[in-house]
Amino acid sequence: MPGPLPPRPLPPQFYRRSALAVARDLLGKPLCCGDQCHRITEVEVYEGTRDLASHAARGTTPRNEVMFGPPGHWYVYLCYGVHWLANIVTGPRHYPAAVLLRGVGPWTGPGKLTRGLGMGPTLDRAPVAPHSGCYVGAAPVLPLDRIRRTPRIGIDAAGPEWAAAPLRLVWKDPC
DNA sequence: GCAGTGATCATA
DNA sequence: ATGATCACTGCC
Numbered sequence: 002m003p004g005p006l007p008p009r010p011l012p013p014q015f016y017r018r019s020a021l022a023v024a025r026d027l028l029g030k031p032l033c034c035g036d037q038c039h040r041i042t043e044v045e046v047y048e049g050t051r052d053l054a055s056h057a058a059r060g061t062t063p064r065n066e067v068m069f070g071p072p073g074h075w076y077v078y079l080c081y082g083v084h085w086l087a088n089i090v091t092g093p094r095h096y097p098a099a100v101l102l103r104g105v106g107p108w109t110g111p112g113k114l115t116r117g118l119g120m121g122p123t124l125d126r127a128p129v130a131p132h133s134g135c136y137v138g139a140a141p142v143l144p145l146d147r148i149r150r151t152p153r154i155g156i157d158a159a160g161p162e163w164a165a166a167p168l169r170l171v172w173k174d175p176c
């Protein structure tokens with residue numbers, strides 16, 4: 002007896018938009034890693050070189066170079082020497098922007114979800130596509146009134162303006 | 001409330 | 001080569 006069909010992957014052009022638009026539309030969609038699929042419940046926006054909380058704020062480095070590349074690729078880095086954090090690059094090539102995954106399915110917290118789904122450094126720079134092992138599947142866009150916006154977490158050092166910007170998006174009532 | 005943890009990057 | 005800096009988590 003065959004299981005349910007895996008979700009159809011989002012097309013690459015889905016990610017070629019502002020990080021805010023991509024973030025909004027990622028909420029509620031299934032993240033599929035291996036044979037597991039869970040809904041995305043919480044994300045954060047990192048937009049351009051002006052955003053002082055973004056790794057891209059001081060130009061390219063070996064680590065963040067993928068943010069300046071084409072959209073629809075994974076940016077996975079080690080945080081505090083312990084946790085792998087997973088982002089999806091957005092916007093046009095040469096414009097550094099990304100969406101950080103903060104909650105997926107039963108996992109609340111960017112380090113917990115990568116551990117739970119087995120996402121690690123081998124995913125860094127890979128396309129967000131089934132052959133990479135982790136991709137996002139198609140699903141209806143959530144109504145705007147199901148999305149709460151708050152300041153981002155853990156970026157107090159980035160300056161008051163960017164620390165206060167409501168760039169964290171949470172699905173209010175995942176079912 | 002805060003220590004642990006280690007890659008990364010700027011400075012030299 | 002060295003030291004400050006973290007897009008966090010779990011235990012105090």
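So for the first sequence, this note's numbering puts the first residue at 2; every next one is plus one.
All C-beta atoms in this analysis are idealised placements derived from N, C-alpha and C, irrespective of residue type, glycine included.
Terminal residues of the continuous beta strand (DSSP E) containing residue i?
i: Leu21; result: Segment Ala20 to Leu27 is the alpha helix (DSSP H) holding Leu21; no beta strand (DSSP E) there.
i: Pro31; result: Pro31 to Cys34
i: Ala87; result: His84 to Val90
i: Val46; result: Gln37 to Glu48
i: Leu102; result: Ala98 to Val105
With H, G and I counted as helix, E and B as strand and the rest as coil, what does DSSP make of residue i?
i: Val67; result: helix
i: Tyr16; result: helix
i: Arg59; result: helix
i: Leu168; result: coil
i: Arg147; result: helix
i: Ala158; result: helix
i: Val142; result: coil
i: His95; result: coil
i: Leu6; result: coil
i: Tyr78; result: strand
Nearest to residue i by alpha carbon, out of the options?
i: Gly119; options: Gly134, Thr42 and Ala99; result: Gly134
i: His132; options: Arg18, Arg17, Gly35 and Ser19; result: Gly35
i: Pro97; options: Pro3, Ser19 and Gly138; result: Ser19
i: Val100; options: Met68, Arg126 and Tyr47; result: Tyr47
i: Cys33; options: Gly117, Arg147 and Ala165; result: Gly117
i: Arg199; options: Pro128, Pro71, Gly4 and Leu28; result: This structure cannot speak to residue 199, because the chain is shown only from 2 to 176.
i: Trp125; options: Tyr78, Ala164, Ala165 and Trp108; result: This sequence places Asp at residue 125; Trp is not what is there. The residue with the shortest Cα to Cα distance from Asp125 is Tyr78.
i: Ile94; options: Cys176, Leu6 and Glu66; result: Reading the sequence as shown, one finds Arg at residue 94 and not Ile. Nearest C-alpha to Arg94: Glu66.
i: Pro141; options: Pro122, Glu45 and Lys30; result: Lys30
i: Thr42; options: Arg147, Ala22 and Ala164; result: Arg147
i: Lys173; options: Ala158, Arg149 and Trp163; result: Arg149
i: Ala127; options: Pro7, Ala165 and Gly70; result: Gly70
So residue i is in the alpha helix (DSSP H); what residue range does that whole segment cover?
i: Ala165; result: Pro161 to Ala165
Thinking residue i and residue j are a contact (beta carbons under 8 Å), I'd like their distance in whole angstroms, please.
i: Ala54; j: Ile154; result: Contact doesn't hold; Cβ gap of about 10 Å is too wide.
i: Pro152; j: Arg169; result: 6 Å
Got a sec: does the ligand NAD put a non-hydrogen atom nearer than 6 Å to the Cβ of residue i?
i: Ala99; result: The ligand NAD is not part of this structure, which contains no ligands at all.
Could you pull out every unbroken beta strand (DSSP E) segment of at least 3 residues lying fully inside the stretch 110-137, listed in chain order? Within the stretch 110-137, the complete beta strand (DSSP E) runs of at least 3 residues are 135-137.
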